[in-house]
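K.L.:
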Amino acid sequence: MSAGWGLRLSLSSCGPLSRRRWSLSRRFLRTPFRAGPGRTILSRPSDQQGMVLLLVLWIVTLVSVVVLGWTQEWRTEVKLAANQREERQSRRLAEAGVYFALGRLLQAVSPGQAPLPAEAPPLWRADQSLHVLEMESGRAEVRVADEGGKINLNLANERILTNLFLALGLEKEEAASRVAAVSAWRGRQFQVSPFALPRPPIPQEGSRYLPKRQRFDTVEELAWLPGFAGSPLLPRLGQWLTVQEVSQGINLNTAPREVLQALGLGPQQIDELMLHRQAQAIRHLSQVPGFGQTPLSIMGQPLSFQNSPFYTIMATGIIKGGRARRTIKTIVRLDLGRPVPWEFLYWADDFPG
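Going by this note's numbering, the sequence shown opens with residue -6, and the numbers climb by one from there.
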């Protein structure tokens, strides 16, 4: 018998039994064998079936890549939306802190108000103390500062400004150079600005940018002067300097420690003064131990014991469980004779802080 499968048999020469065996052999040859140990596969998948499988794998891969790309894009959009929502919430918290502080200020300065109940919270002192307002969605950290307790940037003499910068940790050379820049700005002697910033120039031959006026409009205008631009101290200078026209001198009841140092007071005098004013408002320096008959003017700077109508409110909104925070700085003038007893003179949203 031949080894090939194309064997031809003559059925006519075989009996009935041989024909039956031949029929079973043909049926057996049509059935594909399954691979096993020591066996040979008699039939295999066609090339078309392999191409279809490869095409399906490529399609699945492409769909997976597209789905992964969409998923990443959706995650980014969801994260951006969550960040924007947290930013709005923190801004609302900061605004709530501003208006709450306004209410507490009006409560403190209103004349002839009814006595507060014993369980009422103490009145806010405008001495830049920290007040934390807990709310359902987060908290607001608020500081209120009397502008009368600060050094007037437009009027202070060079000695007081130098003492202030030294109290803030600057070296003598740095303090002297910055005071010279401030004096030059106020005296319109500052000719060429080293900073190419878009400030409206005053036409003059040989100069690019000049101060538009002698006086500072805001403390932040110090960024135009050499030594102040890019300094981390610049956003904090508003704690000790002001440009508001306050008729009285520096209010010793609200002046921060650095301002008192700039006035030439010693550490022990400052400690005694700050301790005494926490208990009750100072009406005269003779009330404070260690001062005696100190005059109402130190280093040419008049002193005062009354708040001015100008206040700075710094409110930072922080939401619960989030990293978003927003700080609002505003300067307000109180006038109890007006229908709306406050007027915003300055509002800086998203102030560094």
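Each residue gets a CB set at the ideal place from its N, CA and C atoms; glycine is no exception.
#1: Look at the alpha carbon of Thr211 and the alpha carbon of Thr69, and state the distance between them as a whole number of angstroms.
#2: Name the one or two DSSP bridge partners that Ala133 has.
#3: Considering only C-alpha positions, which residue in the set Asp120, Gln121, Asn150 and Pro225 is nearest to Leu163?
#4: Residues in the same chain with beta-carbon distance under 8 Å from Gly257, minus the five sequence neighbours each way, listed in chain order, please.
#5: Counting C-beta neighbours from all protein chains within 10 Å, is the total for Ile52 16 or more, i.e. buried, or is it exposed?
#6: Measuring CB to CB, does Ile321 end up less than 9 Å from Gly310?
#7: Tell me whether Pro225 sits in a helix, a strand or coil according to DSSP, three-state version.
#8: In whole angstroms, what is the alpha-carbon distance linking Glu249 and Gly62?
#9: With DSSP as the reference, please indicate the residues paired to Trp340 in a beta bridge.
#10: Based on the DSSP output, what are the partners of Asn300 in its beta bridges?
#11: Taking the alpha carbon of Ala173 as the point to measure from, which residue in Leu215, Glu134, Ala133 and Gln299 has its own alpha carbon closest?
#12: I'd like to know if the region 230 to 239 and the region 261 to 278 are in contact, where contact means that at least 3 CB-CB pairs between them fall below 8 Å.
#13: Among the residues of its own chain, which have a CB less than 6 Å from the CB of Ile390, if the five just before and after it don't count?
#14: Taking C-alpha atoms, which residue in Val102, Ser176, Asp343 and Leu116 lies nearest to Asn147?
#15: Nearest-angstrom Cα distance between Leu154 and Gly220?
#16: Under the assumption that Ala149 contacts Leu159 (Cβ atoms under 8 Å), give the Cβ distance between them as a whole number of angstroms.
P.N.:
In short:
#1: The straight-line gap from Cα to Cα measures roughly 39 Å.
#2: Residue pairing by DSSP puts Ala133 in a beta bridge opposite Leu126 and Gly310.
#3: Per the Cα distances, Pro225.
#4: Here the set comprises Asn156, Ile291 and Met292.
#5: Exposed, by the Cβ-count rule.
#6: Contact flag set, yes.
#7: Note: Pro225 maps to coil in three-state DSSP.
#8: Per the sequence shown, the amino acid found at residue 249 is Pro instead of Glu. Those two C-alpha atoms are separated by around 56 Å.
#9: DSSP output for Trp340 lists Thr323 as bridge partner(s).
#10: According to DSSP, which records beta bridges pairwise, Asn300 is partnered with nothing at all.
#11: Distances from the CA of Ala173 to each of Leu215, Glu134, Ala133 and Gln299 were compared; the closest alpha carbon is that of Leu215.
#12: These segments do not touch.
#13: A query on residue 390 cannot be resolved here, the shown segment of the chain reaching from -6 to 346 and no further.
#14: Closest by alpha carbon: Ser176.
#15: Their Cα atoms are separated by approximately 14 Å.
#16: Contact between Ala149 and Leu159 fails: their C-beta atoms lie close to 14 Å from each other, not under 8 Å.
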